[in-house]
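As structure tokens, the structure follows; a few thoughts come after it.
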Amino acid sequence: MSIRRPHAQKFPTFWLAMAGAAQAASVAMPGSGQAQGWLQILSMILLCSGLAGLVQNTEKGRATLKRAAWQGGVFAAAWLAGCFWWLYVSMHQVGGLPAPLAALAVLMLAGALGVYYAVASALWVFLVPGLIVQRPGLASALFAALWTLAELARGRWLTGFPWGAVGYAHVDGFLATWAPWTGVYGIGAIAAWLAMRLALAGWRWRALKPLAAVGLVTGALHVFAPSFTTSAGTSRVELLQANISQTDKFQAASGVRDALAWYDSQLRSTREPLVVAPETAIPLLPGQLPPGYWAKLTQHFSRSGGMALVGVPLGNRADGYTNSVLALGPSTAQAYRYDKAHLVPFGEFMPPGFVWFIRMMNIPLGNFKSGDWDQASLLWQGQRLAINICYEDLFGEELAIRFNDPKVAPTALVNVSNIAWFGDTLAVDQHLNISRMRAMELGRPMLRATNTGATAIIDHQGRVVQQLPRFTRGSLSGTFEGRHGLTPYVRWTSSVGLWPLWLLCGGTLALGFWRRRQNGAVF
Numbered sequence: 013m014s015i016r017r018p019h020a021q022k023f024p025t026f027w028l029a030m031a032g033a034a035q036a037a038s039v040a041m042p043g044s045g046q047a048q049g050w051l052q053i054l055s056m057i058l059l060c061s062g063l064a065g066l067v068q069n070t071e072k073g074r075a076t077l078k079r080a081a082w083q084g085g086v087f088a089a090a091w092l093a094g095c096f097w098w099l100y101v102s103m104h105q106v107g108g109l110p111a112p113l114a115a116l117a118v119l120m121l122a123g124a125l126g127v128y129y130a131v132a133s134a135l136w137v138f139l140v141p142g143l144i145v146q147r148p149g150l151a152s153a154l155f156a157a158l159w160t161l162a163e164l165a166r167g168r169w170l171t172g173f174p175w176g177a178v179g180y181a182h183v184d185g186f187l188a189t190w191a192p193w194t195g196v197y198g199i200g201a202i203a204a205w206l207a208m209r210l211a212l213a214g215w216r217w218r219a220l221k222p223l224a225a226v227g228l229v230t231g232a233l234h235v236f237a238p239s240f241t242t243s244a245g246t247s248r249v250e251l252l253q254a255n256i257s258q259t260d261k262f263q264a265a266s267g268v269r270d271a272l273a274w275y276d277s278q279l280r281s282t283r284e285p286l287v288v289a290p291e292t293a294i295p296l297l298p299g300q301l302p303p304g305y306w307a308k309l310t311q312h313f314s315r316s317g318g319m320a321l322v323g324v325p326l327g328n329r330a331d332g333y334t335n336s337v338l339a340l341g342p343s344t345a346q347a348y349r350y351d352k353a354h355l356v357p358f359g360e361f362m363p364p365g366f367v368w369f370i371r372m373m374n375i376p377l378g379n380f381k382s383g384d385w386d387q388a389s390l391l392w393q394g395q396r397l398a399i400n401i402c403y404e405d406l407f408g409e410e411l412a413i414r415f416n417d418p419k420v421a422p423t424a425l426v427n428v429s430n431i432a433w434f435g436d437t438l439a440v441d442q443h444l445n446i447s448r449m450r451a452m453e454l455g456r457p458m459l460r461a462t463n464t465g466a467t468a469i470i471d472h473q474g475r476v477v478q479q480l481p482r483f484t485r486g487s488l489s490g491t492f493e494g495r496h497g498l499t500p501y502v503r504w505t506s507s508v509g510l511w512p513l514w515l516l517c518g519g520t521l522a523l524g525f526w527r528r529r530q531n532g533a534v535f
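Position one of the sequence shown corresponds to residue 13 (my numbering), numbered consecutively onward.
Below is the structure:
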């Protein structure tokens, strides 16, 4: 036995890493439809089986809890690194950080975020002795609660980094029906419950029961759920995509000159009533622009009757800088300005103690001020447009704040982005799926104007209506339908945020501690 034990310890680690990689593939590879969601659940079943095996192991104690933490941590680190490996591109290929350091930084971030899931796994193994046989449904609910708490902590604490949340694997799957009710975190909780329930049932016939229950409820919601929103009318829009590489974007002799000339030409020549240019489409402060550049654009739209939304940095050294969107149009629209509220750590502000890391890269990073969370929508031709900039559409609970007053709730969402930082990678597809999930949660169309892709019109059900080929220069003209009304997700998140999920999962965790104490389980 002493000879075989080392192999028994290494074998699960390898397969858990492979399962984590499979989960990363399910989240990070859009376009596979139903199979995408099933791959996520199947990969998580292996983690759940490993944890259940530790509970049934006769050798209990701290070593078992450490092993549970190791299993959860390895699985999560492989999954997260597989989801955002493209950060390597921004640090090495764009920023010039040496390749080994860039790769190490990605792995360290994945490992640090994986700690949340390591703690969740160890807690589950600690709490469920006696439950997995007597009450497998409750044991599965406890796992779903702990998993969701880990997802919430990753998505909210320390500014939050929820990229790659497992719910996105189901954007085209059967669980997507839950998006307007529970949001992406709720979908992840259902998937976690299913995975553990199937792991505890094995491959016996009773494994069909949880599938049947979830299938029936999900099917009923899909067929019988009311339409939460109504039409607010249709409007036309043109979305611009200059396709300027990040290495050229801030180079005066190439990217800056190219951007100023191309966007000036496109904005002036548009025939649509609304035209949208992406994040930092104008890569200079207004005071740094060629004489008369901004004034001519402003005059053009004040006379044309149309309106433009243009991404541009604003501010000065004394008052600070903002990553902003300005409206150009009639006098009623010219006063509108949106300042990005949820800033990207390391990209738009420098966390204390990490200035040394930023200085190692040759990237023109800013230390921006954040805007208010509840900024007003822009009223235009019967539509109320809610702007969000790039990374902000990861946070559905923050976008929902703008729906707090139903009388002035947005009818459409507008996302302006620049993820040229990450090159021709899956980050483009992932960000598109993130926007699709927000459209389903909030019941609103999403208009995406990006530098390199994916520039697209998404309807209120998360379907891509039109899309411009990524990494090409051009514009996308089309029609979108604004919507009135609130989804259940908007109703609860706009008033209390994600607290119902925190409390529900926390209550389930408290129940787990109470039952463990009642059963007198020893570990």
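A virtual CB, placed ideally from N, CA and C, is assigned to each residue, including glycine.
Checklist entry - Which partner residues of S247 appear in the DSSP bridge assignment? => result F492
Item to check | Residues bridged to G323 [DSSP beta-bridge criterion] | outcome: V337
Next on the checklist: At a threshold of 7 Å, does L139 count as lining the ligand FMN (C-beta to nearest heavy atom)?
Outcome noted: With respect to the ligand FMN, the structure offers nothing, as it holds no ligand at all.
Next on the checklist: I'd like to know whether the C-beta atoms of T259 and N430 end up nearer to each other than 8 Å.
Outcome noted: No, these two residues do not count as a Cβ contact at 8 Å.
Checklist entry - Taking the alpha carbon of A177 as the point to measure from, which residue in V356, G359, A37 has its own alpha carbon closest? => result A37
Checklist entry - Would you report the Cα separation of L480 and V183, rounded to the nearest angstrom? => result Each residue's alpha carbon lies about 20 Å from the other.
Checklist entry - How is N445 classed by DSSP in three states: helix, strand or coil? => result The three-state secondary structure of N445, taken from DSSP, is helix.
Item to check | Distance between A439 and P18 (C-alpha atoms, nearest Å) | outcome: Low local confidence applies: a pLDDT of 36 at P18 is under 50, so the model's placement there is unreliable, with the coordinate-based value given in what follows. Roughly 38 Å separates the two Cα atoms.
Checklist entry - By a C-beta neighbour count over all protein chains shown, 10 Å radius and 16 as the cutoff for buried, is F313 buried or exposed? => result buried
Item to check | Nearest neighbour of L158, chosen from S133, W274, A191, G245 [CA to CA] | outcome: Nearest C-alpha to L158: S133.
Checklist entry - Around the Cβ of K78, are there at least 16 other Cβ atoms within 10 angstroms (buried) or fewer (exposed)? => result exposed
Checklist entry - Can A34 and S61 be called in contact, C-beta distance under 8 Å? => result no
Item to check | 7 Å CB neighbourhood of P512 in its chain, flanking five on each side removed | outcome: Closer than 7 Å at Cβ, skipping near neighbours: W504.
Next on the checklist: Just to confirm before moving on: does the CB-CB distance between V140 and A151 stay below 8 Å?
Outcome noted: yes
Next on the checklist: I'd like to know whether the C-beta atoms of I469 and Y180 end up nearer to each other than 8 Å.
Outcome noted: no
Checklist entry - Distance, Cα to Cα, R329 vs G359? => result Distance between the alpha carbons of R329 and G359 is about 18 Å.
Item to check | Distance, E453 Cα to L170 Cα | outcome: Going from the Cα of L170 to the Cα of E453 covers about 24 Å.
Checklist entry - How would you label N416, buried or exposed, when you count the other beta carbons within 10 angstroms and need 16 or more for buried? => result exposed
Checklist entry - Given 8 Å as the limit, is there contact between the stretch 393-410 and the stretch 254-273, that is, 3 or more CB pairs closer than that? => result no
Checklist entry - CA-CA distance, F138 and A201? => result Whole-angstrom Cα-Cα distance: 20 Å.
Checklist entry - Which whole-angstrom value describes the C-beta separation of M319 and L340, a residue pair presumed to lie in contact below a C-beta threshold of 8 Å? => result 7 Å
Checklist entry - If N335 sits next to K352, beta carbons under 8 Å apart, how far is it from one beta carbon to the other, in whole angstroms? => result 4 Å
Item to check | Exposed unless 16 or more other CB atoms sit within 10 angstroms - verdict on T491 | outcome: exposed
Next on the checklist: Given a cut-off of 8 Å on the beta-carbon distance, is the pair L444 and P422 in contact?
Outcome noted: no
Next on the checklist: Need the endpoints of the beta strand (DSSP E) that Q479 sits in, please.
Outcome noted: 476-479
Checklist entry - Quick one: what does DSSP say S266 is sitting in, helix, strand or coil? => result Residue state, collapsed to three classes: helix.
Checklist entry - Is G359 helix, strand or coil when you go by DSSP? => result coil
Checklist entry - Per DSSP, W392 forms a beta bridge with which residues? => result Q395
Next on the checklist: Rounded to the nearest angstrom, what separates R74 and T25 at their Cα positions?
Outcome noted: 18 Å
Next on the checklist: So, for W385: in the same chain, excluding its five sequence neighbours on each side, which residues have a beta-carbon less than 7 Å away from its beta-carbon?
Outcome noted: So the qualifying residues of the chain are A353, E410, I413.
Next on the checklist: Beta-carbon within less than 7 Å of M458's beta-carbon, same chain only, minus the 5 sequence neighbours each way: which residues are those?
Outcome noted: The beta carbon of M458 sits closer than 7 Å to those of L425, N427, S447, R450, A451, I470, all from its chain and outside the five residues before and after it, given in chain order.
Checklist entry - L338: buried (16+ other C-beta within 10 angstroms of its C-beta) or exposed? => result buried
Item to check | Cβ-Cβ separation, A244 to R495 (assumed contact under 8 Å), whole Å | outcome: Their Cβ separation, rounded to whole angstroms, is 6 Å, which keeps R495 and A244 in contact under 8 Å.
Item to check | Contacting residues, own chain, Cβ-Cβ under 7 Å from A31 (five flanking each side not counted) | outcome: Hits under 7 Å: S55, L58, L59, F87.
Checklist entry - Near V268, which residues of its chain fall below 8 Å by C-beta distance, leaving aside the five closest residues on each side in sequence? => result K261, F262, P295, L296
Checklist entry - With burial defined as no fewer than 16 other Cβ atoms inside 10 Å of the residue's Cβ, what is the status of S277: buried or exposed? => result exposed
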